[in-house]
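**Q** All residue numbers for the sequence shown refer to our numbering, where the first residue is 3 and numbers rise by one. The beta-carbon is built from N, C-alpha and C at its ideal position, and this holds for glycine as well. Predicted, not measured: the structure shown is a model, and the values here were computed from it. Input: one structure, supplied below.
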Amino acid sequence: MIQISKHSIYFLIVALLMILPQCQAGIIEVCDRCEVKTIKQGIAQAEDQDTLLIKKGVYKEFNILIDKPISLIGEDFPVVDGQEKGEIFRIVSDNVRIQGLVIINVGVSYTTDHAA
């Protein structure tokens, strides 16, 4: 039978309490009535593993850089309108999830592929 000292249990509890807050991802709401009004603002405020919950509406944004592992989740299929000004999203991070967004008016380039 394995015996564990009180000090070992105490150390384990303290270590877990220090690690657990870092494991909790946050949710940032994005909408015209929210504190965060644009997708770019939400990404700037987000930390690794956070989720941007993008509410229904039209977001006229382009050149959105995603440089951290986050999720962009659309609620009721919000529209991201690139206004034909270039790429809409540039993803330079692993573990990025984009779901539930309608992407329109990606810019046209004859030298660069602006897929989204």
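Just to confirm, is the Cβ distance from V38 to Y61 under 8 angstroms?
**A** No; because the gap between Cβ atoms is not below 8 angstroms, this pair is not in contact.
**Q** Out of Q5, A27, S10, K58, point me to the one whose CA is closest to L103's CA.
**A** Minimum Cα distance to L103 is reached at K58.
**Q** Look up F91 in the DSSP assignment and say whether it is helix, strand or coil.
**A** In this structure, F91 counts as strand in the three-state DSSP scheme.
**Q** So, do the stretch 38–50 and the stretch 61–71 have three or more beta carbon pairs nearer to each other than 8 angstroms?
**A** Yes, since at least three Cβ pairs between the stretch 38–50 and the stretch 61–71 fall closer than 8 angstroms, the two stretches touch.
**Q** Using the C-alpha atoms, what's the distance from I93 back to R99?
**A** R99 and I93: Cα-Cα distance of roughly 10 angstroms.
**Q** In the DSSP assignment, find the unbroken beta strand (DSSP E) run with G76 in it and report its ends.
**A** It spans 73–76 - the beta strand (DSSP E) in which G76 sits, taken as one unbroken run.
**Q** What does a CB cutoff of less than 6 angstroms around A27 pick up in its chain, not counting 5 residues either side in sequence?
**A** Counting only Cβ-Cβ distances below 6 angstroms, and skipping sequence neighbours, we find Q51, D52.
**Q** What is the rounded straight-line gap between the Cα of S111 and the Cα of N97?
**A** Cα to Cα, the separation comes out at about 27 angstroms.
**Q** Could you tell me whether the Cβ atoms of N65 and G88 are closer together than 8 angstroms?
**A** Cβ distance < 8 angstroms, so N65 and G88 count as in contact.
**Q** Could you check the C-alpha separation between L55 and G76 for me, to the nearest Å?
**A** For L55 and G76, the distance between alpha carbons rounds to 6 angstroms.
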